[in-house]
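Report on the following structure.
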Amino acid sequence: MGILDNCTPAQAEAITHADGPLLVVAGAGSGKTRVITRRVACLVERGVPPYRILAITFTNKAAGEMQERVHQLVQKGGVWVSTFHSMCARMLRQFADAIGRRRNFTIYDAADSLSAVKASMKDLEIDTEHWTPSAVQAAISNAKNELIAPDDYESRAASYFERVAAKVYRRYQERLAQNQALDFDDLLLHAARLLSQETAFRDYWQNRFSHVLIDEYQDTNHAQYVIAKELAARHRNICATGDPDQSIYGWRGADIRNILQFVGEYPDAKVVRLEENFRSTKPIIQAAESVIANNTERLDRALYTSREGGSPLRMFAAPDEEAEAEAIVGQIRKLAAQGRRYGDIAIFYRTNFQSRTFEHIFQLLALPYAIVGTVEFYNRREIKDILAYLRVLVNDADDVSMSRIINVPPRGIGEQTVAALSRWAAGQRVPLIEAIRRSPEIPDLAGRAGKAVDKLRSLLDALAQVRGPVAKIIDQAIKRSGYIDWHKASRDESSEERAENLGELVTAAARYDERTPDGTLEAYLEEVALVSQIDEYQDGDNRVTLMTVHAAKGLEFPVVFITGLEEGLFPHQNAMESPSGVEEERRLFYVAITRAKDELFISHAGARMRFGLITPAMPSRFVEEIPPDVIEHLPLFGQAPPPAGREDERPPVLRKPRREEAPEAEEPAPPEKGIEAGQKVRHPTFGLGEVVELTGAGSRRTALVRFKGIGIKRLLLEYAKLEKV
DNA sequence: AAAACATACATTTTT
DNA sequence: TGTATGTTTT
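Each residue of the first sequence is one higher than the one before, counting from 425 in this note's numbering.
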């Protein structure tokens, strides 16, 4: 096996051969992932049985990549590479009794959890106007991350809000137990508790692993810290890697002290510092270093690069967010003309809502793009509906899922019927599905309602009989429930898209079946519950990637645009009140900068539409923290006098059509293009398609085109090079 | 049960 | 401003 080329021989020796506690403090772009992967491979090579090695990564995507890479290096599988959440789920299923659950427990996502919080508040008749469910949910989540149980929380509650939250917390946990469910935080909470308090559980897992490695250690919260510490307690072969300057999850309980105090915790720890950056050019590193130097809470560390040359950072100042997006897209086309691949380019923003402006313009120009993690696939309504059927099949105590599908698609089980069923179930202290099974015994169910419930019962029975791969079960659920016909019948605009999504769900499940030949419905649902936004991102598609800075962690791109650098947005308003909040925002900016390999563009808008109001904004304080000699200010876009002529003839006419200009549909279609509805066309990116509709006139002439396998796109004729076929 | 209409709320960041 | 959810109407 080759030598590590991104560190000194002594460091390489420590990384590959040292046992005992090891801390790798790795700066951005220093090849940390390679280091930890190599360590795992070397352990295997030294004869450590692969199944005794546990590597914990931050996302499932990273886990998959590491697993594959280790396999390539040593031609051996069996190393357990996982995220904290997936790992805990697996551990808890094996010891479900210890937490008072059946092993087929359901994992609730944030939305499921929120509805359980709402229901708990309703149970307790707590006013949801005054105390918002999401605030209570956040309080509960924080308590769990600190491993605080409801009783402890109540006894230390200092404010009225906390006393209310404590009551909801207790009721919420009861509800989860009734539904045989755990939320994300429970996975960590229970694993941490069992590891520190339950001998059988602790002994089993401590013996199971001889070596434990944790990546992105700076972003571990208290529960994760306890889990890592306990898992490694027996053999003390704990290797933590991370970068305190890249700690960006403080708001969800990540505690930067976990990494800062690692050596205090393990005085015999070896420390390896990787300070050479192999990713970025000098100006980019200079900017990053100069910005992060303004933080106080950090380990003493410098980052340097040997890469010579490199262009300076470039900055746009735009009047508003649309002009900002136009300028960036203009710059991207310039780069593309110079031979840059779209897949080399990424656009980052602080908040998800900023993606809309970009999405609009990319669609208009038919430039290839991919947004990472907007409305996640598995959060779409139709997907959640079908998954709810599966969840009920796996865990029939799951009332949240049962209520979700009880009348979806509509089958005549109205509000009154649901209320009667729920009342009966509550009275008997049994799950809702039991009321459906035994509906003939329920007095309130008159003939018509009773029949409707009978039909639901036979549907559920029929689905429970289906055997075979997950894809088949999903397919049956979609068809037999009548879900697909229901959508076909409604001429809703979104029905076609929903049908496509359901098709995609079956396809994805088929991939799962292929990948996991011994997979179960239960394991599939678990995987689906724990996918992260970034897991869905695939590079190699040659598209411009759009994402939040948080999602960009761990990635790199030759060209990066960091947008919306305005006071109140980046740094975000809610973080600006405390110095530590600003420091975390600054680390976030540092992460963004250090994603760039070759070229970095930053931009801000003088005003931005927020809540429907045009809100002015000052440039971010972070911009001034970049040394002036590594920044070049590009001319303000659109400031050059427009070429003579009417406004809509000015080169990139990218403004979205305003509402008041709507009557454009009535204008006669100019015949000169010769493109009309029904015309078959070819597009350089999307391929063959058929024109569905034409609207607008002149430079705003727009075609709706249906492309095979891609869907309907809205294209400006002036820019989309449509070729008649 | 669908459609039409009205209102509320959002914008941190996510496993 | 746009979407998501709730309410009233057919």
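Idealized CB from N, CA, C, for every residue including glycine.
Just so we're clear, the structure is a prediction, and the values are computed from it rather than from any experiment.
Of the candidates 884, 679, 843, the residue whose Cα lies closest to the Cα of residue 570 is 679. For residue 607, the enclosing beta strand (DSSP E) starts and ends at 605-607.
Residue 644 is bridged by DSSP to nothing; it lacks a bridge partner. Secondary structure at residue 1148: strand, using DSSP grouped into helix, strand and coil. Annotation: the continuous alpha helix (DSSP H) that includes residue 512 extends over 508-518.
Exposure of residue 554 is indicated by the presence of fewer than 16 other C-beta atoms within 10 angstroms of its C-beta. Taking a C-beta distance under 7 Å as the contact criterion, residue 601 and residue 796 do not qualify as a contact pair. Within 10 angstroms of the beta-carbon of residue 939 lie fewer than 16 other beta-carbons, which makes it exposed. Pairing residue 741 with residue 813 gives a Cβ-Cβ distance that is not under 7 Å.
When the Cα atoms are used, residue 765 and residue 949 turn out to be separated by approximately 37 Å. Going by DSSP, residue 898 is part of no beta strand (DSSP E) but of the alpha helix (DSSP H) stretching over 894-904. Taking a contact to require three or more Cβ pairs closer than 8 Å, the segment 498-517 and the segment 570-583 do not qualify as touching. Boundaries cannot be given for residue 1042, as no beta strand (DSSP E) includes it and DSSP labels it neither H nor E.
In the DSSP assignment, residue 663 forms a beta bridge with 446, 637. Contact check for residue 1130 against residue 1113 passes: the beta carbons are separated by less than 7 Å. A check of alpha carbon separations from residue 821 across 854, 805, 842 identifies 854 as the nearest. Judged by DSSP in its simplified three-state form, residue 1033 adopts strand. With a 10 Å radius around the Cβ and a threshold of 16 neighbouring Cβ atoms, residue 1042 comes out exposed. Collapsing the DSSP output to three states places residue 728 in a strand.
For residue 773, the enclosing beta strand (DSSP E) stretches over residues 769-773. Counted as a single uninterrupted DSSP element, the alpha helix (DSSP H) harbouring residue 557 occupies residues 557-569.
Secondary structure in the segment 957-1002: the alpha helix (DSSP H) runs of 4 residues or longer, each lying completely within the stretch, are 973-976 in chain order. If you ignore the 5 residues before and after residue 887, its C-beta comes within less than 7 Å of the C-beta of 813, 817, 900, 901, 904, all in its own chain and listed in chain order. Contact between the segment 736-750 and the segment 714-721 is not established, with fewer than three Cβ pairs separated by less than 8 Å. Residue pairing for residue 744: DSSP places it in a beta bridge opposite 1031.
Burial check for residue 730: the Cβ neighbour count within 10 Å stays below 16, so the residue is exposed.
Here residue 1015 carries a helix assignment [DSSP, helix/strand/coil]. If one requires a minimum length of 4 residues, the alpha helix (DSSP H) runs lying completely within the segment 446-480 are 456-469, in chain order.
Cβ neighbours of residue 712 within its own chain (closer than 8 Å, five residues either side excluded): 452, 704, 727, 1014, 1017, 1018. Cα atoms of residue 671 and residue 643: separation of roughly 6 Å, rounded to the nearest angstrom. By the criterion of a C-beta distance shorter than 8 Å, residue 579 is surrounded by no residue of its chain, once the five residues flanking it on both sides are discounted. When secondary structure is reduced to three states using DSSP, residue 530 falls in the strand class. One Cα belongs to residue 631, the other to residue 774, and the distance between them is close to 43 Å.
Distances from the CA of residue 530 to each of 952, 1032, 1024 were compared; the closest alpha carbon is that of 952. Contact holds between the segment 520-538 and the segment 595-609, because three or more Cβ pairs, one in each stretch, are under 8 Å apart. Put simply, the backbone Cα of residue 1004 is about 26 Å away from that of residue 652.
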